[in-house]
Amino acid sequence: MKQRKEKWDVKWVVGLILLVSLVLTACGNGNSASNSKGSNSSNSNTSETKVETPSSASPSETRDITIRIGYQKYGTINILKADGSLDKRLADERNIKIEWTEFPGGPQLLEALNVGSIDIGHTGEAPPIFAQAAGAPLVYLAHEPASPKSEGIIVPKDSPIQSVADLKGKTIVLNKGSNVHYLLVKQLEKHGVSYKDVTVKYLPPADGRAAFEKGSADAWVIWDPFLAAAETATGGRVLADGEGVVSNHEFYLATREFAEKYPDLVNILLEEADKIDAWSKEHPQELAEKLSPQLGIDVESLVLAAERRNYGVQSIDAELIKAQQAIADTFLDLELIPKKLDINDAILK
1 MKQRKEKWDV KWVVGLILLV SLVLTACGNG NSASNSKGSN SSNSNTSETK VETPSSASPS
61 ETRDITIRIG YQKYGTINIL KADGSLDKRL ADERNIKIEW TEFPGGPQLL EALNVGSIDI
121 GHTGEAPPIF AQAAGAPLVY LAHEPASPKS EGIIVPKDSP IQSVADLKGK TIVLNKGSNV
181 HYLLVKQLEK HGVSYKDVTV KYLPPADGRA AFEKGSADAW VIWDPFLAAA ETATGGRVLA
241 DGEGVVSNHE FYLATREFAE KYPDLVNILL EEADKIDAWS KEHPQELAEK LSPQLGIDVE
301 SLVLAAERRN YGVQSIDAEL IKAQQAIADT FLDLELIPKK LDINDAILK
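Per full-length UniProt numbering, the very first residue in the sequence shown carries number 1; after that it's consecutive.
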């Protein structure tokens, strides 16, 4: 009996071991399947990267947020800020706040957009070219009509320089990458002067004005209202403006993420811009008086600037894209940007 009992114990132990082994094997197979699935998924992601694009937010999702808008010392967005109409509409309809940030020029504004400090802004034609070349995730939203007389090359009132051709060998100051950069290039080209035959120093508007007044520059290439203020305060002469040479458009720009996620807010911005444009066109004096305290520029200069600017929000079309492409190609030829650009890459589809 004792021998039989020992045999029975051995059989029982062996059976128990086999049972446990089966259970562990089943668990292992479940884990292996899961791991295999995860591995395949990982391999799939490696071989084919899916680019996620932000989906449009519903109206309910565009409440209680803050929009960060960059502006300069002139332009329709600047007028919107002074008027307060956009702030009021967004606050009343969506409980949305606007965080306004001022920049000395378009290049500085788009640098902020590039690093994610603002969502929307406005600049002239040239800054988006430099920003796109630097990899900024910008898109064009709309533009204002051409205002070629709103920028120019100004010289001191007693300067012996009488034409753009006389700028050969001279020192010129301007804000690098701004609209006036392109104006200088095209005016020199028109008058047979090589860009390499002038000395260009890059200064933001405030420093450019100081250099101009001190006589440390022979000419200053600048836009309104700084151009108008220099004319009225110093008696400086506009040697040439953009008439017949450049268009000088003002663009509305945004990060691609913002434009694709909040198209309804973009539409509201453009609607309010068009409304304030219509009013501004008919009321240059009142506009100047509204802007003067905010800008710290006298009313007389602002009236001068307002009367030579054109107004009205317009959509981005094929002709406009072609014009921007020509500017980009010009800057590439002058080695002012490092690579060839396709403007269509910055257009909302």
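We put the beta carbon where it would ideally sit given N, CA and C, even for glycine.
In three-state terms, what does DSSP make of residue i?
{"i": "Lys97", "result": "strand"}
{"i": "Arg89", "result": "helix"}
{"i": "Asp241", "result": "strand"}
{"i": "His143", "result": "strand"}
{"i": "Arg68", "result": "strand"}
{"i": "Lys11", "result": "Residue confidence is low: Lys11 scores 42 on pLDDT, short of 50, so the model does not pin down where it sits. Its coordinate-derived value is still stated next. DSSP places Lys11 in helix when its eight states are reduced to three."}
{"i": "Glu102", "result": "strand"}
{"i": "Gln314", "result": "strand"}
{"i": "Arg309", "result": "coil"}
{"i": "Ser292", "result": "helix"}
{"i": "Asp333", "result": "helix"}
{"i": "Gln162", "result": "coil"}
{"i": "Tyr182", "result": "helix"}
{"i": "Leu209", "result": "Checking the sequence shown, residue 209 turns out to be Arg, not Leu. It is helical."}
{"i": "Leu265", "result": "helix"}
{"i": "Asp342", "result": "coil"}
{"i": "Val303", "result": "helix"}
{"i": "Ile276", "result": "helix"}
{"i": "Pro284", "result": "helix"}
{"i": "Pro128", "result": "helix"}
{"i": "Ile297", "result": "coil"}
{"i": "Asp218", "result": "coil"}
By Cβ distance, which residues of its chain are closer than 7 Å to residue i, with the 5 residues on each side in sequence left out?
{"i": "Ala240", "result": "Gly152, Ile153, Val164, Gln187"}
{"i": "Asp87", "result": "Ile98"}
{"i": "Val266", "result": "Leu141, Ala254, Ala259"}
{"i": "Asp277", "result": "Thr76, Tyr311, Gly312, Val313"}
{"i": "Glu289", "result": "Val299"}
{"i": "Leu348", "result": "Val139, Ala259"}
{"i": "Phe331", "result": "Ile129, Ile337"}
{"i": "Gln285", "result": "Val303"}
Which residues share a DSSP beta bridge with residue i?
{"i": "Glu151", "result": "Trp223"}
{"i": "Leu138", "result": "Thr255"}
{"i": "Lys201", "result": "Val173"}
{"i": "Thr123", "result": "Phe251"}
{"i": "Ile347", "result": "Tyr140"}
Please classify residue i as buried or exposed, where buried requires at least 16 other C-beta atoms within 10 Å of its C-beta.
{"i": "Lys196", "result": "exposed"}
{"i": "Glu144", "result": "buried"}
{"i": "Thr101", "result": "exposed"}
{"i": "Gln132", "result": "buried"}
{"i": "Lys73", "result": "buried"}
{"i": "Ala219", "result": "buried"}
{"i": "His249", "result": "buried"}
{"i": "His181", "result": "buried"}
{"i": "Thr123", "result": "buried"}
{"i": "Pro54", "result": "With a pLDDT of only 48 at Pro54, under 50, the local geometry of the prediction cannot be trusted, and no value is derived from it."}
{"i": "Leu341", "result": "buried"}
{"i": "Pro127", "result": "buried"}
{"i": "residue 383", "result": "The structure shown does not extend to residue 383, since the chain is modelled only from 1 to 349, so the question has no answer here."}
{"i": "Glu231", "result": "buried"}
{"i": "Asp64", "result": "exposed"}
{"i": "Pro293", "result": "exposed"}
{"i": "Asp345", "result": "exposed"}
{"i": "Lys261", "result": "buried"}
{"i": "Leu334", "result": "exposed"}
{"i": "Ser280", "result": "buried"}
{"i": "Glu271", "result": "exposed"}
{"i": "Ser194", "result": "exposed"}
For residue i, which residues from the same chain have a beta carbon less than 6 Å from its beta carbon, with the 5 sequence-adjacent residues on both sides left out?
{"i": "Ala229", "result": "Ile297, Ser301"}
{"i": "Ser21", "result": "Confidence at Ser21 is low in this model, with a pLDDT of 42, below 50, so the placement of that residue should be treated as unreliable; the coordinate-derived value is given next. Correct list: empty, nothing qualifies."}
{"i": "Ile316", "result": "Tyr140"}
Suppose the cutoff is 8 Å on Cβ atoms and the five residues either side in sequence are ignored; what does the same chain contact list for residue i look like?
{"i": "Lys190", "result": "Val164, Val245"}
Three or more beta-carbon pairs under 8 Å between the segment 318-333 and the segment 113-121, yes or no?
no
Would you check if the segment 253-260 and the segment 203-211 touch, i.e. whether three or more CB-CB distances between them fall below 8 Å?
no
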